[in-house]
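A.B. asks: This note's numbering numbers the first residue of the sequence shown as 384 and each following residue consecutively. Beta carbons are placed, not taken as given, at the ideal position from N, Cα and C, and that holds for glycine. Keep in mind it's a predicted model, so treat the numbers as computed, not measured. Can you read through this structure? Questions will come right after.
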Amino acid sequence: MAWLLRSATKPATSITATPWTLPSRSVKAANPSQVLDTFRGAAAAVAAVLATNTDWGASGRRNGQYAVDLDADRACLQVLYAAGYRVLSEESGVTAAPDGPDDAPIVVVDPLDGSTNAAHGIPWFATALCLVDDAGPAVAMVANHATGVVFTASRGGGAFRDGEPCRSNDTTSLSSAIVGVSGLPTHHYGWAQFRAMGASAPDICSVAGGVTDAFCDTHDQHGVWDYLASVLIAEEAGCVAAEVHGRDLCVLDHTARRGPVVASTPELLDALLVERRRPS
Numbered sequence: 384m385a386w387l388l389r390s391a392t393k394p395a396t397s398i399t400a401t402p403w404t405l406p407s408r409s410v411k412a413a414n415p416s417q418v419l420d421t422f423r424g425a426a427a428a429v430a431a432v433l434a435t436n437t438d439w440g441a442s443g444r445r446n447g448q449y450a451v452d453l454d455a456d457r458a459c460l461q462v463l464y465a466a467g468y469r470v471l472s473e474e475s476g477v478t479a480a481p482d483g484p485d486d487a488p489i490v491v492v493d494p495l496d497g498s499t500n501a502a503h504g505i506p507w508f509a510t511a512l513c514l515v516d517d518a519g520p521a522v523a524m525v526a527n528h529a530t531g532v533v534f535t536a537s538r539g540g541g542a543f544r545d546g547e548p549c550r551s552n553d554t555t556s557l558s559s560a561i562v563g564v565s566g567l568p569t570h571h572y573g574w575a576q577f578r579a580m581g582a583s584a585p586d587i588c589s590v591a592g593g594v595t596d597a598f599c600d601t602h603d604q605h606g607v608w609d610y611l612a613s614v615l616i617a618e619e620a621g622c623v624a625a626e627v628h629g630r631d632l633c634v635l636d637h638t639a640r641r642g643p644v645v646a647s648t649p650e651l652l653d654a655l656l657v658e659r660r661r662p663s
């Protein structure tokens, strides 16, 4: 299936219609099982870092970055490089193994999404990985280190929670919806309830798994690593997704920021986008 971006004011459009920010040569279709094996290895490497980490302080490099973020990134990169991938990571930008080919496939990764949660003992943080090919997001995994739950998906192959197929809810009314939120909304959107958990990748996977009904960014400050893996998982679980301003979500640019919105049904997405776009 094509990866679709839907909005309340535009018809669904394929991600392949717009060039990516990061040039890429042709990438052949990957074997999802092999890719996911590598992703599991990367997540396990991060889990090993977390199990032995004693420094939960700031990295000193940039605001909001922890020392453990850098350790998790190094562990993750080692596994991905060994598998022959280039990497777009929150912590290290676009990199590749020194002897790696320039046209190697690229994996978008957030080694530790929700590192503030991890540092403060809040049990909601994950490793998120997404392989991107010429048609867009191809294979994804989000491994929640706090709960042990692992979501996976491949384009056209469905979404899975701990190996079992998962589907989103069929909620159509915003007034009946439980919505995950990132940032502070300017007004009450009219939902039944909201949750602000502090880690977008597992937040969006909660929509895919039918735990919540939607997810809404409120500040346009998400990097592609924050949401790309989980949005593919959500789409494969039956959800619909959009960028609040109609921009591409699959933008392979470390400096780009987006406002992803994900919902279990088109009706709910439209209602949420109307509120998200309402002037404050």
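If you follow the beta strand (DSSP E) that R469 is in, where does it begin and where does it stop?
C.D. replies: Position 86 of the sequence shown, counting from 1, holds the residue named residue 469. Run containing R469: 469-472, per the beta strand (DSSP E) assignment.
A.B. asks: Going by DSSP, name the residue or residues bridged to M524.
C.D. replies: Here residue 524 is taken as the residue at index 141 of the sequence shown, counted from 1. Its beta-bridge partners are L512, T535.
A.B. asks: Between V607, S613, A620, which has its C-alpha nearest L635's C-alpha?
C.D. replies: Position 252 of the sequence shown, counted from the start, is the residue given in the question as residue 635. Ranking the options by Cα distance to L635, first place goes to V607.
A.B. asks: By the three-class DSSP mapping on this structure, what secondary structure does P494 have?
C.D. replies: Counted from its first residue, the sequence shown places residue 494 at position 111. Correct three-state label for P494: strand.
A.B. asks: Name the two residues that bound the continuous alpha helix (DSSP H) containing R670.
C.D. replies: Residue coverage of the chain in this structure runs from 384 to 663, which leaves residue 670 outside it and unanswerable.
A.B. asks: For the segment 541-549 and the segment 433-448, state whether three or more C-beta atom pairs, one from each stretch, are separated by less than 8 Å.
C.D. replies: Result no; under three Cβ-Cβ pairs closer than 8 Å.
A.B. asks: Do F534 and G483 come within 9 Å of each other at the CB atom, strictly closer than that value?
C.D. replies: Stepping through the sequence shown from its first residue, residue 483 is reached at position 100. Stepping through the sequence shown from its first residue, residue 534 is reached at position 151. Against a cut-off of 9 Å, the Cβ pair of F534 and G483 comes out as no contact.
A.B. asks: Among the candidates V590, N527, W574, I489, whose CA atom is the shortest distance from the CA of D517?
C.D. replies: Looking up residue 517 in the sequence shown gives position 134. Minimum Cα distance to D517 is reached at I489.
A.B. asks: Starting from C633, trace the alpha helix (DSSP H) both ways and give me its first and last residue.
C.D. replies: Reading the sequence shown from its first residue, position 250 is the one you call residue 633. Premise fails: C633 is in no alpha helix (DSSP H) and is neither H nor E.
A.B. asks: Tell me where the beta strand (DSSP E) around R578 begins and ends.
C.D. replies: Taking the first residue of the sequence shown as 1, we reach residue 578 at position 195. Its beta strand (DSSP E) spans residues 576-578.
A.B. asks: Quick one: residues in its chain with C-beta nearer than 6 Å to the C-beta of V594, no 5 flanking neighbours on either side, listed in chain order?
C.D. replies: Within the sequence shown, numbered from 1, the residue matching residue 594 stands at position 211. Counting only Cβ-Cβ distances below 6 Å, and skipping sequence neighbours, we find nothing.
A.B. asks: Near E619, which residues of its chain fall below 6 Å by C-beta distance, leaving aside the five closest residues on each side in sequence?
C.D. replies: Taking the sequence shown and counting its residues from 1, the one referred to as residue 619 is at position 236. For E619, where only same-chain residues beyond five positions count, the Cβ hits under 6 Å are A536, G541, A542.
A.B. asks: D653 to A582, Cα distance in whole Å?
C.D. replies: The residue you call residue 653 lines up with position 270 of the sequence shown. The residue you call residue 582 lines up with position 199 of the sequence shown. The straight-line gap from Cα to Cα measures roughly 23 Å.
A.B. asks: What runs of the beta strand (DSSP E), each 3 residues or longer, lie entirely inside the segment 570-606?
C.D. replies: As far as the segment 570-606 is concerned, its whole beta strand (DSSP E) runs of at least 3 residues are 576-578, 597-600.
A.B. asks: Tell me, please, which residues DSSP counts as bridged to I489.
C.D. replies: Mapped onto the sequence shown, residue 489 falls at position 106. Answer by DSSP bridge pairing, in chain order: R469, V515.
A.B. asks: Could you pull out every residue in the same chain whose Cβ sits closer than 8 Å to the Cβ of H605, ignoring the five residues on either side in sequence?
C.D. replies: What you label residue 605 is simply residue 222 of the sequence shown in a count that begins at 1. Correct list, in chain order: S565, S583, R640, R641, G642, P643.
A.B. asks: What are the start and end residues of the beta strand (DSSP E) that includes T478?
C.D. replies: Numbered from its first residue, the sequence shown carries residue 478 at position 95. Here the beta strand (DSSP E) through T478 covers 476-478.
A.B. asks: Going by the beta-carbon positions, is the gap between G563 and R550 smaller than 9 Å?
C.D. replies: Within the sequence shown, the letter at position 180 stands for residue 563. Within the sequence shown, the letter at position 167 stands for residue 550. It is not a contact, given that the beta carbons lie outside the stated cut-off.
A.B. asks: On the DSSP letters alone, give me the boundaries of the beta strand (DSSP E) that P506 sits inside.
C.D. replies: Walking along the sequence shown from the start, residue 506 turns up at place 123. Careful: P506 lies outside any beta strand (DSSP E) and carries neither H nor E.
A.B. asks: Within a Cβ cutoff of 7 Å, which residues of the same chain sit near V410, ignoring the five residues on either side of it in sequence?
C.D. replies: Translated into positions along the sequence shown, residue 410 becomes position 27. Summary for V410: the model assigns pLDDT 45, below 50, so the residue's position carries little reliability; its value from the coordinates is reported in the next sentence. Excluding residues within five positions, the ones whose Cβ falls inside 7 Å are P488, D516, D517.
A.B. asks: Output needed for T569: all residues of its chain with C-beta closer than 7 Å, excluding positions within five of it in sequence on either side, in chain order.
C.D. replies: Taking the first residue of the sequence shown as 1, we reach residue 569 at position 186. So the list reads S663, once near-sequence residues are dropped.
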